[in-house]
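S.K.: Count the sequence shown with our numbering and you get residues 1 to 179, in order.
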Amino acid sequence: MYLKTFSDMKKTSVFFMLKPVSAIYFFIITILFMILTLFIWAIFAPMDEIVKASVIIRPNEVISSVKCVINGELIQKNYINNEIVKKGDLLLILDTTFYQKELEVNEKELNKTNDDIYTNEELLRTIRTNKLVNYNSSDTYMNCSSYLIEKETYEKKITEKENQVEREKNKPDSLIILE
Numbered sequence: 001m002y003l004k005t006f007s008d009m010k011k012t013s014v015f016f017m018l019k020p021v022s023a024i025y026f027f028i029i030t031i032l033f034m035i036l037t038l039f040i041w042a043i044f045a046p047m048d049e050i051v052k053a054s055v056i057i058r059p060n061e062v063i064s065s066v067k068c069v070i071n072g073e074l075i076q077k078n079y080i081n082n083e084i085v086k087k088g089d090l091l092l093i094l095d096t097t098f099y100q101k102e103l104e105v106n107e108k109e110l111n112k113t114n115d116d117i118y119t120n121e122e123l124l125r126t127i128r129t130n131k132l133v134n135y136n137s138s139d140t141y142m143n144c145s146s147y148l149i150e151k152e153t154y155e156k157k158i159t160e161k162e163n164q165v166e167r168e169k170n171k172p173d174s175l176i177i178l179e
């Protein structure tokens, strides 16, 4: 019995005797199959085992400790459990590619910063001496020469304005424009 409208239902027990639509069975079976697939994958899928932990090794005879200050994937273990190790022995080799890449990036930033410092020092020297020197870096030369050109331009504008003010002062009173 399928319910088409709510008014077709005369008694409340009719609602509970209704048959669900066949698409609901398909939906429920699909959801259950997906959950089952997820559990099977979680059980049998290969997973990487990376452990990050602070390391302290304490021998039985003399108390000493080994601390690992960086994290990373363990590449090689150079000792066997219950083996006696000596001072200076290499116990673990960790994957340091992340730190090497970070070091390269930081070295590039340091070189760029040093170049900027050199450029700014040479610009400051040019400002103090008002002389352009042939520099090794084209950026430094361009910055210093553009400063000198800009300075000359402003000095010319200032002298023009000073001359204009002098001419205005030397004019007769009848030619002075009052604002």
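Ideal Cβ positions, reconstructed from N, Cα and C, are used throughout, including at glycine.
1. Taking contact to mean 3 or more Cβ pairs, one atom from each stretch, closer than 8 Å, check whether the region 146-164 and the region 115-129 are in contact.
2. Please state whether the Cβ-Cβ distance between Y79 and L91 is less than 8 Å.
3. May I ask you to list the residues that DSSP assigns as paired with I93?
4. Tell me, to the nearest whole angstrom, how far the beta carbon of E109 is from that of D95; I am working on the premise that it is less than 8 Å.
5. Near T140, what residues of its chain come up, given a Cβ to Cβ distance below 6 Å and the 5 sequence neighbours on each side ignored?
6. Please determine, among K131, N163, E162 and N136, the residue with the shortest C-alpha to C-alpha distance to K151.
7. Report the CB separation of I93 from I75 in whole angstroms; it is logged as a contact under 8 Å.
8. Comparing alpha-carbon positions, which option in T97, M142, Q164 and E155 lies nearest I70?
9. Give me the Cα-Cα distance between M47 and N143, rounded to the nearest whole angstrom.
10. In the region 121-171, which residue ranges form an unbroken alpha helix (DSSP H) of at least 4 residues, counting only runs that do not cross its ends?
11. Distance check for T37 and I63, CA to CA, integer angstroms please.
12. Measuring only the C-alpha atoms, how far is T153 from T159?
13. Rounded to whole angstroms, what is the Cα-Cα separation between F33 and N81?
14. Along the chain, where does the alpha helix (DSSP H) that runs through I31 open and close?
15. Alpha carbons only, please: which of K156, K157, D115 and E155 is nearest the one belonging to S138?
16. Quick check: what's the CA-CA separation for A42 versus I28?
M.R.: This is what the structure holds:
1. yes
2. Mapped onto the sequence shown, residue 79 falls at position 79. Mapped onto the sequence shown, residue 91 falls at position 91. Yes, they are a contact pair.
3. The residue you call residue 93 lines up with position 93 of the sequence shown. Partner(s): Q76.
4. In the sequence shown, residue 109 corresponds to position 109, counting from 1. In the sequence shown, residue 95 corresponds to position 95, counting from 1. Contact flag wrong, Cβ pair sits at about 23 Å.
5. The count along the sequence shown starts at 1 and reaches residue 140 at position 140. For T140, where only same-chain residues beyond five positions count, the Cβ hits under 6 Å are T119 and E122.
6. Position 151 of the sequence shown, counting from 1, holds the residue named residue 151. Per the Cα distances, K131.
7. Looking up residue 93 in the sequence shown gives position 93. Looking up residue 75 in the sequence shown gives position 75. Yes, I93 and I75 are in contact; Cβ-Cβ is about 5 Å, under 8 Å.
8. If you number the sequence shown from 1, residue 70 lands on position 70. That would be T97, whose Cα lies nearest to the Cα of I70.
9. For this step, residue 47 is matched to residue 47 along the sequence shown. For this step, residue 143 is matched to residue 143 along the sequence shown. Taking the straight line joining both Cα atoms gives about 56 Å.
10. 138-170
11. Residue mapping note: residue 63 aligns to position 63 of the sequence shown, counting from 1. Residue mapping note: residue 37 aligns to position 37 of the sequence shown, counting from 1. Because I63 carries a pLDDT of 48, less than 50, the predicted location of this residue cannot be relied on, and the following value inherits that uncertainty. About 51 Å.
12. The residue given as residue 153 occupies position 153 in the sequence shown. The residue given as residue 159 occupies position 159 in the sequence shown. For T153 and T159, the distance between alpha carbons rounds to 10 Å.
13. Here residue 33 corresponds to residue number 33 of the sequence shown, with the count starting at 1. Here residue 81 corresponds to residue number 81 of the sequence shown, with the count starting at 1. So the two alpha carbons sit approximately 45 Å from each other.
14. Taking the sequence shown and counting its residues from 1, the one referred to as residue 31 is at position 31. From DSSP, the alpha helix (DSSP H) with I31 extends over S22 to F44.
15. If you number the sequence shown from 1, residue 138 lands on position 138. It is D115.
16. Taking the first residue of the sequence shown as position 1, residue 42 is located at position 42. Taking the first residue of the sequence shown as position 1, residue 28 is located at position 28. So the two alpha carbons sit approximately 21 Å from each other.
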